[in-house]
Amino acid sequence: MMRIASVVYNEAKDCQGRAVKDEKQISTYILAFEIAEKLLQRYSGQWKIAGNEIVLNLQGLDHPLKIDNINGTINYGTLTTYYYHRYDARKGVSGLVQELCLDLALPFADGNYSTDFLFKVFVKLVEIFHARCDLRILPGSQNGEWEIRLNQTGPSGWINDQNVIENRFGEKMEISAWEGLRPEKVATYIFGFNRFCKNFQCPMK
Numbered sequence: 057m058m059r060i061a062s063v064v065y066n067e068a069k070d071c072q073g074r075a076v077k078d079e080k081q082i083s084t085y086i087l088a089f090e091i092a093e094k095l096l097q098r099y100s101g102q103w104k105i106a107g108n109e110i111v112l113n114l115q116g117l118d119h120p121l122k123i124d125n126i127n128g129t130i131n132y133g134t135l136t137t138y139y140y141h142r143y144d145a146r147k148g149v150s151g152l153v154q155e156l157c158l159d160l161a162l163p164f165a166d167g168n169y170s171t172d173f174l175f176k177v178f179v180k181l182v183e184i185f186h187a188r189c190d191l192r193i194l195p196g197s198q199n200g201e202w203e204i205r206l207n208q209t210g211p212s213g214w215i216n217d218q219n220v221i222e223n224r225f226g227e228k229m230e231i232s233a234w235e236g237l238r239p240e241k242v243a244t245y246i247f248g249f250n251r252f253c254k255n256f257q258c259p260m261k
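Just add 56 to the spot in the sequence shown (first one is 1) and you have my numbering.
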């Protein structure tokens, strides 16, 4: 049976997550995933996480597009542009992506493609938990596997392209049944399954 975890933090109980908050670093990391999601929706294509980069192979583009989530740069062929200092709340991420496409001379596309389940969940994990807990999405030790880690040395969990999650206690769960849920709810379930925080219960008994 599933135990429902709240998607809303109780601020009275909310841990601080980071002793020192670097707002530039936080926003850069989150924006990298949000920009990648918008580009996948616009062009469609494949993605992978390689070190500090989200690498997109998008339809109609001649080169991979590499989004650096530490330095705040995007590389396309011989062209490089920055995104970390350019976000404007009035324009939102969509407006920023439009500007970046112009900077990099990307071919016009105005698609509305569906992003795959796992990447949508990764975006929500980062949006909800990176600033609070320094949650990071890293390449796993095997192909088709990713590590979900809190800060540089904190606890980890894993998820693979077969929609199987595993926590540091060796427990595994297949989560394809969650694909119909909102991505932010799935993100909190995965966080709870990993038992990263007492405020998010494991969705399993």
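Don't be surprised by glycine CBs; every beta carbon is placed ideally from N, CA and C.
Candidates the options, of which the one nearest residue i by Cα
{"i": "Phe175", "options": "Leu112, Thr84, Phe256, Asp78", "result": "Leu112"}
{"i": "Asn199", "options": "Ile215, Asp172, Asn127", "result": "Ile215"}
{"i": "Asp144", "options": "Asn219, Glu155, Thr136", "result": "Glu155"}
{"i": "Gly107", "options": "Arg146, Trp202, Gly101, Tyr132", "result": "Trp202"}
{"i": "Ile105", "options": "Leu206, Arg192, Asn255", "result": "Arg192"}
{"i": "Gln102", "options": "Thr171, Ala165, Cys189", "result": "Thr171"}
{"i": "Asn219", "options": "Arg238, Ile246, Glu93", "result": "Ile246"}
Coil, strand or helix - residue i by DSSP
{"i": "Lys254", "result": "coil"}
{"i": "Gly213", "result": "strand"}
{"i": "Thr84", "result": "helix"}
{"i": "Glu227", "result": "coil"}
{"i": "Leu160", "result": "coil"}
{"i": "Ser62", "result": "With a pLDDT of only 40 at Ser62, under the threshold of 50, the placement of this residue in the model should not be trusted, and no figure is reported."}
{"i": "Arg142", "result": "coil"}
The alpha helix (DSSP H) enclosing residue i, as first and last residue numbers
{"i": "Thr244", "result": "239–249"}
One or two residues paired with residue i in a DSSP bridge
{"i": "Leu152", "result": "Its beta-bridge partners do not exist; DSSP assigns none."}
{"i": "Ile91", "result": "DSSP lists no partner for Ile91."}
{"i": "Glu79", "result": "According to DSSP, Glu79 bridges with nothing at all."}
Any C-beta of chain B under 8 Å from that of residue i
{"i": "Ile86", "result": "Absent here is chain B; the protein component of the structure consists of one chain."}
For residue i, the first and last residue of its enclosing beta strand (DSSP E)
{"i": "Tyr138", "result": "135–138"}
{"i": "Trp234", "result": "Element bounds for Trp234: n/a, residue is neither H nor E."}
Every unbroken beta strand (DSSP E) within the region 95–132, with a cutoff of 3 residues, ordered by chain: Secondary structure in the region 95–132: the beta strand (DSSP E) runs of 3 residues or longer, each lying completely within the stretch, are 101–106, 109–114, 121–124, 129–132 in chain order.
Quick one: complete alpha helix (DSSP H) runs, 4+ long, within the region 167–198? With a minimum length of 4 residues, the continuous alpha helix (DSSP H) runs that stay inside the region 167–198 are 173–189.
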